[in-house]
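Visitor: Residue 2 is where the sequence shown starts when you use the numbering used here, and the numbers rise one by one after that. This is the structure, below, for whatever I ask next.
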Amino acid sequence: MTSSKIIGIDPGTIVTGYAIIDNEGARPRIVDFGCIRPPQQDLLSERYLILFTSLCHLLKLHTPTQMAIETPFINKNPQSALKLGGALSCAILAAKSSLSIPVFGYAPREVKQGITGRGDATKEDVQTFLRHFFCLQKTEIRMDATDALAIALYHELRGPLLKRKEL
């Protein structure tokens with residue numbers, strides 16, 4: 002198996018979670034994780050720019066070889082869906098413009114099912130699994146970065162078994 006780094010992204014215009022894992026060694030390890038939080042009072046276009054430039058910085062700093070991103074589900078609010086789609090686009094463009102890496106999308110329910118065995122798992126359930134898998138203390142992983150870490154891990158562990166569809 003060749004070594005690779007995967008960046009997981011949970012896109013949002015208020016909070017975008019990210020996590021970078023490396024599969025070098027016997028099991029995946031965390032390289033970095035956290036959140037990008039553009040000021041809520043900023044115009045949407047400015048928040049998109051902050052997301053894009055922050056992700057470009059992270060990509061250049063860690064040089065992942067693949068991106069796994071949560072694909073949004075369509076909810077009842079079209080404006081929210083459009084804004085979330087803009088955040089998703091910022092991440093995809095950052096990956097393509099910074100490193101030309103492939104981007105793979107996964108639905109939230111698919112990731113939860115693959116990580117915990119339950120598609121209806123809560124964020125707390127996912128966080129508990131990740132803390133045990135990565136041997137983390139309760140305070141070491143923030144809830145907002147949980148989904149991004151789960152997406153990266155799901156891509157690493159389950160992705161080879163799936164027919165991956167690059168976005």
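Beta carbons are placed, not taken as given, at the ideal position from N, Cα and C, and that holds for glycine.
What residues match up with V104 in a beta bridge as DSSP calls it?
Guide: Per the DSSP secondary-structure output, V104 pairs in a beta bridge with M68.
Visitor: Where does C91 land, buried or exposed, given buried means 16+ other C-beta within 10 angstroms?
Guide: buried
Visitor: From S45 to A27, what distance separates their C-alpha atoms?
Guide: Contrary to the premise, residue 45 reads as Leu rather than Ser in this sequence. Taking the straight line joining both Cα atoms gives about 42 Å.
Visitor: Alpha carbons only, please: which of L50, I152, R165, H133 is nearest the one belonging to P73?
Guide: I152
Visitor: Does the distance from the CB of I31 to the CB of I7 come in under 8 Å?
Guide: Cβ distance not < 8 Å, so I31 and I7 don't count as in contact.
Visitor: Going by DSSP, name the residue or residues bridged to F34.
Guide: Answer by DSSP bridge pairing, in chain order: A20.
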